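Step one of this worksheet: look at the structure below.
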Amino acid sequence: MALMDAILDVQALPLGIAVALGALLLWFIKAYVNDQRRKSSNLPPVPGVPGLPVIGNLLQLKEKKPHKTFAKWAKTYGPIYSIKTGANKMVVLNSNEVAKEAMVTRYSSISTRKLSKALTILTGGKSIVAMSDYDDFYKMAKRLILSSTLGTNAQKRHRGHRDILIENTYNQLHGSLNKNPLQAVNLREVFQSELFSLSLKQTLGKDVESIYVEELGTIFLKKEVLKVLVHDQMEGAIEVDWRDFFPFLKWIPNKSFEYKIQQMDVRRVAVMKALIKEPKECFESGRELNCYLDCLLSEAKTFTEKQILMLSWEAIIESSDTTLVVTEWAMYELAKNPENQDRLYRDIQNVCGPNKVTEENLSQLPYLSAIFHETLRKHSPVPIVPLRYVHEDTELGGYYIPAGTEIAINIYGCNNDKNVWENPEDWKPERFLDGEHDHMELHKTAAFGGGKRVCAGALQAMTISCMTIGRLVQEFEWVLADGEKDNVDTLGLTNQKLHPLQAIIKPRT
Ligand code: HEM
Ligand SMILES: *[C@@H]1O[C@H](CO)[C@@H](O)[C@H](O)[C@H]1NC(C)=O
Ligand SMILES: *[C@@H]1O[C@H](CO)[C@@H](O)[C@H](O)[C@H]1NC(C)=O
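Going by the working numbering, the sequence shown opens with residue -18, and the numbers climb by one from there.
And the structure:
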């Protein structure tokens, strides 16, 4: 009897049991509601890739090219299919149509990310624009990076930095040509360092040659700063992403991997702190540097110190990497295809005559834009959009998508879709000269994503890349070095050319 009393008298129950019972009840209700919702939605589930061919596709998996594997599966299973990733489901999108639906129409249900432990470290806990959820932090930071750096007006203010980048790139290539006309030039080394300088000027107000990093007790040369802020982080992100795409191979808690990622973060934070120190003092003493950091600091009440550091770092890494990827591939394709190179050269001659090509001239050079877009299509620098997470039940392509699904938008798949692009494997800039679209339009392919999260740096990437390609073809004739034609491997799961382009250049007469 005493027992019965105790059960009926909830207050007499130990708190732990009461909470557990409550949770159980909630769980039943939730499961029931979900079940009802699914029944009422009437939509079929996304077709799955049967019995995930772990063994059958082991070779592709080993290559670590998920964008290619996904595009290949799309040929059999259609533009939208699901793969099982342990407890979770991942839906892969491979056509413009379903990709657009996910990025625009259903965005409100697919606007968050679920990050692995390692990615959480690399993004400072979602403290960057590109990896944050759609929240107040995101909206504020996106507004600031556009108004200070990447928007149309900000890009006008930063014109001088771009002109210096183009001039320095030309001068250094000219210098190596004078030293040894028969030796292949290393465009990547020169261009990457110039892009990095530009990103430092736009973000922190000045370039650096070297810097004392107090927390690590050493001086870092610019090259080493580039390595810590860009190359090491890319390497870490690639390794992490890879595990996220195929979780059945997922890293079983691996101390040495975790340690490696943590060390990358420690070094990045130490170097960024050193870089920010001086411009911050400038700002505090009332001197403006006309840079992103200034803007972030004037909103210092909104952001924590760590967020300001991470946002500045983001602007640096994003400016330094993807623009290089597309420009290097464009020069590869032009050196490989002399007719296309000749056509571009003739266009530039017709428009500019004896004058150097300028940004004002770009609107007169549709073939140059076509080369840029065709290279973005064939060698999309971001082959798969960083995974998005479905936070409430929704639908895509007429299928039911339950909350908790991860979405992989395969940009590479969209840009190589046979239903949209004739002979997608060919590099053919002419395909963009149909006269149907404004050639200065930024979004001719899926390369920059779409919807609210469309790339914020598209204008900068296009301007810098087109100017570099235009000027380098105006000044030099480009020919691939021996053996370079088949050198088309890419780095890990990115589309960056694995080995730097080797090209022989000759001055135009
Ligand atoms: C050819 C070069 C580039 C390509 C192909 C590219 C591609 C992309 C893609 C696909 C996204 C969308 C990610 C998503 O939907 O989740 C993105 C976002 C973003 N990109 Fe780029 N990008 C390029 C250059 C740049 C540059 C130079 C910057 C300059 C800092 C930049 C800054 C950003 C930012 C801030 C976002 C986040 C936008 C948001 O979440 O609202 N990108 N980019
Ligand atoms: C752990 O991570 C390291 C470094 O990334 C890697 O070389 C090693 O193979 C991993 N070990 C296991 C068991 O996954
Ligand atoms: C090219 O740019 C220069 C300098 O910006 C300008 O003076 C010239 O008129 C432009 N030429 C054409 C054809 O747009």
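All C-beta atoms in this analysis are idealised placements derived from N, C-alpha and C, irrespective of residue type, glycine included. All figures in this text were calculated on a predicted structure; none of them were measured in a lab.
When beta bridges are read from the DSSP output, F201 appears opposite I192. A distance below 6 Å between beta-carbons, with the five flanking residues on each side excluded, links P383 to the following residues of its chain, in chain order: D374. When C-beta atoms of the stretch 138 to 146 are compared with those of the stretch 164 to 183, three or more pairs fall below 8 Å, so the two segments count as touching.
DSSP places K425 outside any beta strand (DSSP E), giving it a letter other than H or E. Here D117 is exposed, its C-beta having fewer than 16 other C-beta atoms within 10 Å. Taking the CA atoms as reference points, R249 sits about 24 Å from L479. Comparing alpha-carbon positions, the option among L24, Q455, R412, E309 lying closest to L325 turns out to be Q455.
Under the DSSP definition of a beta bridge, E387 partners with M71, Y370. Using a Cβ distance threshold of 8 Å, L154 and I486 count as a contacting pair. Taking 8 Å as the cut-off, the Cβ atoms of N476 and P362 count as close.
Judged by the Cβ position, I392 qualifies as a neighbour of ligand 1 at the 7 Å threshold, a heavy atom of the ligand being closer than this.
In the structure shown, F457 falls within a strand segment according to DSSP collapsed to helix, strand and coil.
One thing to note: M312 has its Cβ no nearer than 8 Å to the Cβ of A428. In this structure P47 is buried. Its beta-carbon is surrounded by 16 or more other beta-carbon atoms within 10 angstroms. CA-CA distance, E148 to D407, rounds to 32 Å.
Between ligand 1 and C436, a heavy atom-to-CB distance of less than 7 Å is present. In the DSSP assignment, the residues bridged to S63 are G29, V72. For C333 and Q345, the gap between their C-alpha atoms comes out near 10 Å. A straight-line Cα-Cα distance of about 7 Å links M253 and L290. G132 places its beta carbon 8 Å or farther from that of L274. Under DSSP, E376 takes part in a beta bridge, and its partners are Y381.
The beta carbon of I242 is closer than 6 Å to those of A99, I102, G217 in its chain, skipping five residues each way along the sequence.
For the pair Y380 and V85, the CB atoms are not nearer than the 8 Å cut-off. Look at the beta carbons and you see the stretch 415 to 425 not touching the stretch 121 to 137: under three pairs across the two are nearer than 8 Å. DSSP places P319 within a helical segment (H, G or I) once states are collapsed to three.
Rounded to the nearest whole angstrom, the CA to CA distance from A462 to L163 is 10 Å.
The way I'd put it, the stretch 303 to 323 does touch the stretch 440 to 452; three or more beta-carbon pairs between them come closer than 8 Å.
No heavy atom of ligand 3 is found nearer than 7 Å to the CB of T444.
Closest in alpha carbon position to V221, among S157, P60, T104, P31, is T104.
When C-alpha distances from A135 are compared across I450, V338, A437, the shortest belongs to A437. By the Cβ-count criterion, P60 is buried, with 16 or more other Cβ atoms from all chains shown falling within 10 Å of its own Cβ.
Residue state for I109 is assigned as coil, using DSSP reduced to three classes.
From the listed residues S92, W459, L168, the smallest Cα separation to P319 is found for W459. Around the beta-carbon of M112, 16 or more other beta-carbon atoms lie within 10 Å, marking it buried. Between ligand 3 and N342, a heavy atom-to-CB distance of less than 7 Å is present.
Taking the CA atoms as reference points, G430 sits about 19 Å from T308.
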